[in-house]
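This report concerns only the one structure given below.
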Amino acid sequence: MPAKIVECPACESEISRRATSCPRCGEPLRKPTPLWDQTWFKLLSLVGLIVGAFLIAQLAMSNDLDRIDRNRKEGERLNDQLIEQNKARHERDMRRLGVRP
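Going by my numbering, the first residue of the sequence shown is number 1, and it counts up by one from there.
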């Protein structure tokens, strides 16, 4: 088991192995790890990228489904309009021919 107490290289006082600087003289004992080198940051970034990609895919699919639904409704409206026009034309033609419904 490694010792929990180490000696400061500058003032030789006993300090904790976990200390980042000597409490007596302020000598830095180890460089702090940059944020982008820390494992949790990398993992969180990866999760964020995955979630972001998923949300973008969902948004794209949602837009496609909305567009499909709008096109379907527009098609139904046009179809109903054509049916009404054809009915009116058929009734007009039948009246011209003298045929009653």
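Cβ coordinates follow ideal geometry from the N, Cα and C atoms, glycine included.
Given residue i as reference, the closest of the options once Cα atoms are compared
{"i": "L29", "options": "L43, A57, C11 and L46", "result": "C11"}
{"i": "R17", "options": "E7, C25 and F54", "result": "E7"}
Per DSSP, cross-strand counterpart(s) of residue i
{"i": "S16", "result": "I5"}
{"i": "P28", "result": "S21"}
Cα-Cα separation between residue i and residue j, rounded to whole angstroms
{"i": "I50", "j": "D80", "result": "45 Å"}
{"i": "S13", "j": "R24", "result": "8 Å"}
{"i": "T39", "j": "V47", "result": "12 Å"}
{"i": "R95", "j": "N71", "result": "36 Å"}
{"i": "D93", "j": "I68", "result": "37 Å"}
{"i": "P34", "j": "K42", "result": "11 Å"}
{"i": "A60", "j": "D66", "result": "10 Å"}
{"i": "G75", "j": "Q85", "result": "15 Å"}
{"i": "E27", "j": "D37", "result": "23 Å"}
{"i": "L44", "j": "A53", "result": "14 Å"}
Burial state of residue i, where buried means 16 or more other Cβ atoms lie within 10 Å
{"i": "E56", "result": "It should be pointed out that residue 56 corresponds to Ile in this sequence rather than to Glu. Result: exposed."}
{"i": "I5", "result": "exposed"}
{"i": "I83", "result": "exposed"}
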